Amino acid sequence: MSNILYNSAYDLKKALEQSKEYIQLKKLYDDVQHDESAKNIFHNFRSTQLNLHEKQVTGKEITEEEIIHAEKCVQLVQQNGKIAALLKAEESMNMLLQRITSIILEPLDELYKTK
1 MSNILYNSAY DLKKALEQSK EYIQLKKLYD DVQHDESAKN IFHNFRSTQL
51 NLHEKQVTGK EITEEEIIHA EKCVQLVQQN GKIAALLKAE ESMNMLLQRI
101 TSIILEPLDE LYKTK
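For the sequence shown, position 95 matches number 95 in full-length UniProt numbering, and the numbering has no gaps at all.
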């Protein structure tokens with residue numbers, strides 16, 4: 001029985017890789033990676049995001065300096081068309097994955113639905 005689930009998951013993986021959302025995301029990511037300036041801005045933005053998220057999750061204080069740095073990172077990202085396009089494509093991909101996850105979890109939602 002679980003083989004059916006694994007096979008379906010691999011089929012879903014292949015379908016995801018062939019989706020227009022994934023193909024567009026990959027193209028935009030490659031565009032950023034081939035532009036040294038955009039690549040550095042994007043890397044700095046992601047590192048800053050991860051650092052702030054880790055601090056939030058662990059309850060550590062975020063300093064004023066870190067907030068200012070994060071705001072500057074966001075400004076640079078917004079000014080870079082390649083990164084802005086990549087982030088928009090990431091958002092589309094995330095929405096698609098949320099819808100897929102919702103469909104996959106429907107049986108559990110129904111099972112635990114309060115009657």
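C-beta atoms are modelled at their ideal positions from N, C-alpha and C, and glycine is treated no differently.
Fair warning: this is a prediction, and the values are worked out from it, not measured in the lab.
Exercise. Output the distance between the C-alpha atoms of H69 and R46, rounded to the nearest integer angstrom.
Key: Position 69 of the sequence shown holds residue 69. Position 46 of the sequence shown holds residue 46. C-alpha separation (whole angstroms): 12 Å.
Quiz item: Leaving out the 5 sequence neighbours to the left and right, which residues in its chain are closer than 8 Å to E21 when beta-carbon positions are compared?
Solution: Locating residue 21 in the sequence shown gives position 21, counting from the first residue. Within the same chain, E21 has close Cβ partners A89, S92, M93, L96.
Quiz item: Out of curiosity, what's the CA-to-CA distance linking E17 and I23?
Solution: In the sequence shown, residue 17 corresponds to position 17, counting from 1. In the sequence shown, residue 23 corresponds to position 23, counting from 1. E17 and I23: Cα-Cα distance of roughly 7 Å.
Quiz prompt | Where residue 126 falls, given that 16 or more other Cβ within 10 Å makes a residue buried | solution = Absent from the model: residue 126. The displayed extent of the chain is 1 to 115, so no value can be given.
Exercise. Can you tell me the Cβ-Cβ gap for K39 and Q33, rounded? I've got them flagged as a contact below 8 Å.
Key: On the sequence shown, position 39 is the one that residue 39 refers to. On the sequence shown, position 33 is the one that residue 33 refers to. K39 to Q33, Cβ: 5 Å. Contact.
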